[in-house]
Amino acid sequence: MKHVILMVLGCAVLAPSIASAQSDSEIIARVLLPLRARTAEGAAVVKWNADFTWTTIKEGTNPWVCYDRSGDPNEAPFAVQCTSSANLPRVAQNRRFDAQGETAAERVALVAQAQADGTRIDAEYGSLFVSMSGQDQESATIHTTISVPYATGESTGLPESGSQGGAWVMAAGTSEAHIMVPGR
-9 MKHVILMVLG CAVLAPSIAS AQSDSEIIAR VLLPLRARTA EGAAVVKWNA DFTWTTIKEG
51 TNPWVCYDRS GDPNEAPFAV QCTSSANLPR VAQNRRFDAQ GETAAERVAL VAQAQADGTR
111 IDAEYGSLFV SMSGQDQESA TIHTTISVPY ATGESTGLPE SGSQGGAWVM AAGTSEAHIM
171 VPGR
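Residues -9 to 174 (the numbering used here) are what the sequence shown spells out, left to right.
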């Protein structure tokens, strides 16, 4: 039993260093998966730092930027995302809120407070967030949303509920408003 405990503790200590030992080329290949090949070729790739800043590990030639979200709060074991590079400050703010709020209600309150005091960073209107997540890469699915801060069903002509089965506006009228695109 003592040997099993020591082995488990050893693995727990080594796991973070093994995960961080992933090469930049492995990270780049992983995070570009949600994009089509032509788009992925010109996309930038960043790694997130503990202070909610990012380090670019692949320069881009188009507006896309991709990053790994595996291990983040409320994310699947395999989770990557791509969006417009203009959205990086908002993503950084969201990451800070995720780290500060222990519960979903606390994270929602942090967003609401930032909205109320004028510090909420808006997403680029019309920009996409393309996420790929699942228990592992093989089972991961792709989900796409289109950012439309403050849009409503009335302003877009889309329903504010997904009950009809097509695209719809979620969080209508808020800085969080986005068009939900049905899965593929």
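Glycine included, each C-beta is placed from N, C-alpha and C at the ideal position.
Pick from the options that is closest to residue i, judged by C-alpha positions
i, options, result
"I47", "P149, V35, L22 and R110", "V35"
"Q125", "E65, E96 and W158", "E65"
"V81", "A95, S151 and S117", "S117"
"Y140", "G152, H168, W158 and F119", "H168"
"A106", "N84, V171 and T164", "T164"
"I17", "R26, A40, D41 and T45", "T45"
"E31", "N39, W54 and R85", "W54"
"S50", "R28, T142 and V171", "As written in the sequence, residue 50 is Gly, which differs from the Ser given in the question. When only C-alpha atoms are compared, the closest one is R28."
"P79", "N52, A113 and A104", "A113"
"Y115", "N39, T131, L23 and T73", "T73"
"S145", "M160, G155, S129 and S13", "M160"
Residue i, enclosing beta strand (DSSP E) - first and last residue
i, result
"D107", "Note, D107: premise wrong, no beta strand (DSSP E); alpha helix (DSSP H) at A94 to D107."
"Q154", "That residue, Q154, is in no beta strand (DSSP E); it is neither H nor E in DSSP."
"F119", "L118 to G124"
"S169", "Note on residue identity: the sequence assigns Ile, not Ser, to residue 169. H168 to V171 is the extent of the beta strand (DSSP E) around I169."
Collapsed DSSP secondary structure at residue i in the structure displayed
i, result
"A208", "Examination of residue 208 is not possible in this model, given that the chain is present from -9 through 174 alone."
"T146", "helix"
"T135", "strand"
"T29", "helix"
"A162", "coil"
Boundaries (first-last residue) of the alpha helix (DSSP H) holding residue i
i, result
"I17", "D14 to V21"
"A34", "No alpha helix (DSSP H) holds A34; the beta strand (DSSP E) holding it covers A34 to W38."
Do the stretch 48 to 60 and the stretch 69 to 76 meet, that is, are 3 or more Cβ pairs less than 8 Å apart? yes
Could you give the uninterrupted runs of the alpha helix (DSSP H) lying entirely in the stretch 45 to 93, keeping only those of 4 residues or more? 78 to 90
Indicate whether the contact test is met: 3 or more Cβ pairs, each with one atom in the stretch 132 to 147 and one in the stretch 93 to 108, closer than 8 Å. no
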